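Take any residue in the sequence shown, note its place counting from 1, add 1015, and you have its number in the working numbering. We put the CB at the ideal spot given by N, CA and C, even for glycine. The model shown is predicted, which means the values in this text are computed figures rather than measured ones. This report concerns only the one structure given below.
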Amino acid sequence: MKKVVAIGGSNSKKSINKTLATYVAQQVNDTEVIVADLNDFNLPLYGIDEETDNGIPSEAHRLNDLIESADGLVVSLAEHNGSYAAVFKSAFDWLSRIDKYVWKQKPMLLMATSPGGRGGATVLQAAKTSFPHLGGNIIADFSLPKFHGNFSEDGIADDDLSKDLKQKIQLFQDAI
Ligand SMILES: Cc1cc2nc3c(=O)[nH]c(=O)nc-3n(C[C@H](O)[C@H](O)[C@H](O)COP(=O)(O)O)c2cc1C
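Below you can see the structure in the form of structure tokens.
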């Protein structure tokens, strides 16, 4: 059975991105889904002095090992002021100190969602630009606007968005 690691780029206990990433990973057939909740990784804020003084934390290695063990990654990014949420950026920076190729060429379904109408499009674009330089193998990307109106555990309310997401899940499934 293939292993898919779902990551929400947020530390909100009620993260809509963790919810979306988990839901989408569960739609992939015949896979074991592991949810990597960034709250479960006890990482200090990345800084060069922290790294020099105390080294790379074992929790960063644990997250790196989890990515290494995956056949595919479903990542959904929270957008804070047009960019990554601080918790994600810090974890990402730690990971990049272990391995420049953070995402290790694992097939990735990259997403973002927000309560607003742009669905995290700005952070999604930032990640689409940056991740390929860091071992990212983005098979498909998807932005879900107006999360609270569009999402339920029964699926995506908007027909066009629902169809689009299903096609992207299929592409991801074929790649892992
Ligand atoms: C500091 C801060 C900045 C935010 N900036 C944006 C933004 O630039 N674009 C956006 O669509 N939503 C923005 N939001 C709203 C988030 O999309 C919303 O909080 C969402 O739930 C975050 O995803 P999460 O639930 O996975 O953490 C912001 C929220 C916070 C707290």
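Checking the DSSP bridge columns, you'll see L1088 partnered with V1020 and M1123.
For D1189, the uninterrupted alpha helix (DSSP H) run begins and ends at D1174 to A1190, by DSSP. The alpha carbon of V1039 has as its nearest neighbour, out of D1175, I1022 and L1149, the alpha carbon of I1022. Beyond the five residues adjoining it in sequence on each side, L1081 comes within less than 8 angstroms, by CB distance, of V1020, I1049 and A1051 in the same chain, given in chain order.
Under DSSP, the beta-bridge partners assigned to I1049 are V1020.
At a cut-off of 6 angstroms, the beta-carbon of E1065 does not count as near ligand 1: no heavy atom of the ligand is closer than that. According to DSSP, residue pairing for G1170 in a beta bridge involves S1167. Rounded to whole angstroms, the gap between the alpha carbons of D1068 and K1115 is 21 angstroms. Taken through DSSP and simplified to helix, strand or coil, N1152 comes out as strand. Distance check between G1150 and each of L1180, F1107, H1163 and S1030 places F1107 closest, using alpha-carbon atoms only. With a beta-carbon spacing of about 6 angstroms, M1123 and N1152 fall inside the 8 angstroms limit used to define contacts.
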